[in-house]
Amino acid sequence: MKSLFELIIGNLDEKNAYRQINKRAKALPRNYYAAYKKICNYLFCYGEGCSMEMLSELLDLLESGARDQKKVSKLLGADVATFCDELISAVNTNKKTRRDKLNQEIEEYFSKRGQGDVLSNEKNQRR
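Just add 60 to the spot in the sequence shown (first one is 1) and you have the working numbering.
Structure, rendered in structure tokens:
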């Protein structure tokens with residue numbers, strides 16, 4: 061059970077990790093940082109959440125590109141939205157999506173109550 065403090069403020073470890081990631085991002089050259097902010101906006105709006113792992117992977121790529129003096133367009137490609145979608149897919153591989161997690165939680169809830177495979181039964185009743 062979470063403490064009242066965690067419910068109100070949130071997980072402090074995650075907040076500290078996010079601050080560290082933002083500190084790294086702000087150290088990027090201006091054009092890399094601008095790309096990072098735009099990509100983050102896309103990930104937060106259109107991804108299934110944006111994990112610290114995802115942000116860290118993105119920063120690693122941008123930092124290595126800046127170190128090697130590669131153009132941002134060469135790192136991300138011509139279709140940045142596809143790059144973002146592939147990043148989401150790569151990080152979320154072997155992770156449950158929110159939909160999968162919701163379905164599993166509902167199924168577990170009803171199976172504990174002896175009502176069996178509720179989701180499958182309802183799908184069959186609709187047919």
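Built from N, CA and C at the ideal position, the CB exists for glycine as well.
- Item | Same chain, Cβ closer than 8 angstroms to S111, neighbours up to 5 away in sequence not counted | V151
- Message: At the level of alpha carbons, what is the spacing between N163 and K131?
- Response: 43 angstroms
- Item | Euclidean distance between Cα positions of I148 and K98 | 15 angstroms
- Range covered by the alpha helix (DSSP H) that runs through Q80: L72 to K86
- Query: Exposed or buried, which one is Y22 when buried takes at least 16 other CB atoms within 10 Å?
  - Reply: In the structure as shown, the chain begins at 61 and stops at 187. Residue 22 is therefore absent and cannot be evaluated.
- Select from T142, E123, Y169 and C100 the residue whose C-alpha is nearest the C-alpha of M114. C100
- Message: Measuring straight from C-alpha to C-alpha, what distance separates G137 and Y96?
- Response: 14 angstroms
- Rounded distance between the beta-carbons of S116 and I81, thought under 8 angstroms: 6 angstroms
- As assigned by DSSP and simplified to three states, the class of Q164: helix
- Message: Can you check which of these residues, R90, R173 and E74, is closest to E123 by C-alpha distance?
- Response: R90
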